[in-house]
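Residue numbers (the numbering used here), protein chains in the order written: chain A, 1027 to 1268; chain B, 9 to 288.
Notes follow once the structure below has been shown.
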Amino acid sequence: MKHIILGAAALAVCASFASAQDDSVVRLGTEGAYPPYNFINDAGEVDGFERALGDELCKRAELNCEWVTNDWDSIIPNLVSGNYDAIIAGMSITPEREEVVDFTQNYTPPSPSAFAAMGDVDLSGAVIAAQTGTIQAAHVTGMDGATLLEYPTPDETVAAMRAGEADAVLSDKDYLIPVVEGSDDIQFIGEDIPLGGGIGMAFRKSDPELRETFDAAIQSMKDDGTLNEMIIEHLGEDSPRF
Amino acid sequence: MTWLICYLTTGKHLAFYASFGTVLLLLAITAPAALAFGFAGASAARSRVAPLRWIGKTYIAIVRGVPDIAFFLFFVLALDIFFEWIRHEIKCPDWDQPIWQGNDFVVCAAAKLPLGNAPQWVHETYGFFLAVLTFAIVFGAFAANVLFGAMRAVPRAQLETAEAYGMSRRQVYWRILVPQMWIYALPGLSNLWMVLIKATPLLFLLGVEDIVYWARELGGAKTPRFTDYPHPDWRMWYFLFLLVFYLAFTRVSEIVLDRITTRLRHGQATIGGTAQRSAT
């Protein structure tokens, strides 16, 4: 076991030295806990829709990119303080966030959020779990009679609903589809709600050049249709496209 | 069985095992660093030079009074900004824009620490050392208080005898006081060590992926679409494993600390030391 670890460590060190040969590194910050957008795969690497998208954008912009994971809670403060250069973490474009960071154009169209629950639940007066600091959490706050229960990761919102602490979960539908498919007793309830203005990459306000580089790369992927193909591959046929 | 072996050797699990190394490395560097901070703090606090004494006492009082988590969130950011500001002043004297632009702290590219275009492992190492420094300062203050008390606990007669033999203040301090104070400091220091072992999950606040982060990540429910090893919520088992690890680690520490105590009290004028002497 020890040798495997040492080997893996040596490999990791060698790999990072190899990439250190190129001058400039742009670090992409993500959460790594939000499949299918971003998650940590079995090999311990960032994977998912945004991994594929980010790598393609960096290729088009001829940038050398690395992936960094960070808690959702502190993902904006750590961007602002320079721990990484961009956020690409399923973050919806909202006016509140735009006061702190600058977004690119959206790379997914506004996609619906949905409620999931075990059995039939009357949503008015229900306890609803959502991830802290998301548009879904903000939406539950505005619902009449509903009580919001916040959790730091989306995975914990589902776990809370399974454990009976919450009656239902409100989250991006793209996140909940695999959860509902992979379980016998969880189902969608109520109607989908359109929230947010689509997902975009976020940059520091003092970093306009980088934002424009990525904005242009996203535009070129929209123009030649590769973005739509990627959405179908990772988010499924039902997810809205451009 | 094969499934379990394959499951436990995925890249993700290897990262989990490696994070134990990170935690142990952090402890191995932090403990002596904190002790050094503590020793310096205690020496300053009992110094005859008034300003030095004030510095020592202020350090102990402030750091002991601020909650760890607030210190970790505030101090690391402040330290980082302070370093960058100094480098900024030296490297870019002709910078004409304000350093604070709204929420962003902006220094010239050459002053970034580490450089903005450095690869990720440089950033991780830098973050790790900021963590070590912060841990050392926080635990150093507690250690300083313990050592300060220990220095006062050394019997006055010992010091007076040394003075009577014509030793200078410096000689009394290094040859009589310091060697004898450890037995009085050890119970307090061993407490600190135990608290330090358990404080390592604070690392994740600084972006260092520690064992608790990986246990949570690995234990969370996995759907078949995103992994070859789908499983329900297993966090309980992962955290149980951490519990066993921490218990075993603190137990080993206790045994080692007991041995050190036995060694240190040898020939000392304490109850333990006297008992040891009459037994032999």
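Just so it is clear, CB atoms sit at the ideal spot from N, CA and C, and this is done for glycine as well.
Item to complete: Name, in chain order, the residues that DSSP records as bridge partners for Leu-1174 of chain A.
Response: A:Ile-1154
Discussion item. Just verifying my parser: in three-state terms, what is the DSSP assignment at Trp-129 of chain B?
Written reply: helix
Item to complete: Please confirm if Ala-23 of chain B has its CB atom under 7 Å from at least one CB of chain A.
Response: yes
Worksheet item: How about Gly-228 of chain B: is its C-beta nearer than 7 Å to some C-beta of chain A?
Response: yes
Discussion item. Short of 8 Å Cβ to Cβ, which residues in the region 1138–1158 of chain A face chain B?
Written reply: none
Item to complete: Measuring only between beta-carbons, confirm whether Phe-1229 of chain A sits less than 7 Å from chain B.
Response: no
Worksheet item: Alpha carbon to alpha carbon, what distance is there between Val-1184 of chain A and Gly-124 of chain B?
Response: 37 Å
Practice prompt. Rounded to whole angstroms, what's the CA-CA distance from Leu-210 of chain B to Ala-152 of chain B? Just pull it up for me.
Written response: 22 Å
Discussion item. Can you tell me where the alpha helix (DSSP H) holding Leu-1083 of chain A begins and where it ends?
Written reply: 1075–1087
Worksheet item: Quick one: what's got a C-beta closer than 7 Å to Val-1166 of chain A's C-beta in the same chain, skipping five residues either side?
Response: Ile-1154, Ala-1156, Ala-1172, Leu-1174, Leu-1196
Practice prompt. Could you give the DSSP three-state label for Tyr-1063 of chain A: helix, strand or coil?
Written response: coil
Discussion item. Is the separation between the beta-carbon of Val-220 of chain B and that of Met-189 of chain B shorter than 7 Å?
Written reply: no
Worksheet item: According to a CB-to-CB cut-off of less than 7 Å, which residues of the region 27–54 of chain B neighbour chain A?
Response: none
Fill in: Start-to-end residues for the alpha helix (DSSP H) that takes in Met-1187 of chain A
1180–1188
Practice prompt. Give every residue of the same chain whose Cβ lies closer than 7 Å to the Cβ of Pro-1136 of chain A, excluding the five residues on either side of it in the sequence, and list them in chain order.
Written response: Pro-1220, Gly-1222, Gly-1223, Gly-1224
Worksheet item: Straight-line CA distance for Gln-1162 of chain A to Ser-1139 of chain A?
Response: 7 Å
Item to complete: Express the C-alpha separation of Cys-116 of chain B and Pro-75 of chain B in angstroms, rounding to a whole number.
Response: 33 Å
Discussion item. Can you confirm whether Ala-1172 of chain A, when its beta carbon is compared against all beta carbons of chain B, has any partner nearer than 7 Å?
Written reply: no
Discussion item. I'd like to confirm something about Asp-266 of chain B: is its beta-carbon nearer than 6 Å to some heavy atom of the ligand SAH, or not?
Written reply: For the structure depicted, the ligand SAH is absent and the ligand set is empty, with no information on it obtainable.
Item to complete: Examine chain B for any beta-carbon lying closer than 7 Å to the beta-carbon of Ser-1265 of chain A, and answer yes or no.
Response: no
Practice prompt. Take Ala-207 of chain B as the anchor and find which of B:Ala-41, B:Ile-94, B:Arg-177, B:Tyr-254 has the nearest alpha-carbon.
Written response: B:Tyr-254
Worksheet item: Taking just the CA atoms, how far does Arg-224 of chain B sit from Thr-270 of chain B?
Response: 40 Å
Item to complete: Step through the CB atoms of chain A and report whether any lies within less than 7 Å of the CB of Lys-99 of chain B.
Response: no
Discussion item. Could you tell me the alpha carbon to alpha carbon distance between Ala-41 of chain B and Phe-147 of chain B, rounded to whole angstroms?
Written reply: 9 Å
Worksheet entry | Segment contact, 8 Å Cβ cut-off, at least three pairs: the region 1096–1112 of chain A with the region 1050–1065 of chain A | yes
Practice prompt. Consult DSSP for Phe-1268 of chain A and reduce its assignment to one of helix, strand or coil.
Written response: coil
Item to complete: Give me whichever residues DSSP pairs with Gly-1055 of chain A in a beta bridge.
Response: A:Val-1094, A:Ile-1113
Item to complete: Kindly indicate the opening and closing residues of the alpha helix (DSSP H) around Asp-266 of chain B.
Response: 243–272
Discussion item. Going by DSSP, what residue range makes up the beta strand (DSSP E) through Pro-1220 of chain A?
Written reply: 1212–1220
Worksheet item: Under a three-way DSSP split, which group does Met-175 of chain B fall into?
Response: coil
Worksheet entry | Buried/exposed call for Trp-108 of chain B, threshold 16 Cβ in 10 Å | exposed
Discussion item. Cβ closer than 7 Å: which chain B residues qualify as neighbours of Phe-1065 of chain A?
Written reply: Phe-234
Worksheet item: Using a C-beta to C-beta distance shorter than 9 Å, which residues of chain A count as neighbours of Thr-231 of chain B?
Response: Pro-1061, Pro-1204, Val-1205, Glu-1207, Gly-1208, Ser-1209
Discussion item. Looking only at its chain, what residues have a beta carbon closer than 7 Å to the beta carbon of Thr-10 of chain B, apart from the 5 residues adjacent to it on each side?
Written reply: none
Practice prompt. Flag Ala-1087 of chain A as yes if its beta-carbon sits less than 7 Å from any beta-carbon of chain C, otherwise no.
Written response: No chain C appears in the structure shown, which is made up of the protein chains A and B.
Practice prompt. Check whether the Cβ atoms of Gly-1226 of chain A and Phe-1129 of chain A lie closer than 7 Å to each other.
Written response: yes
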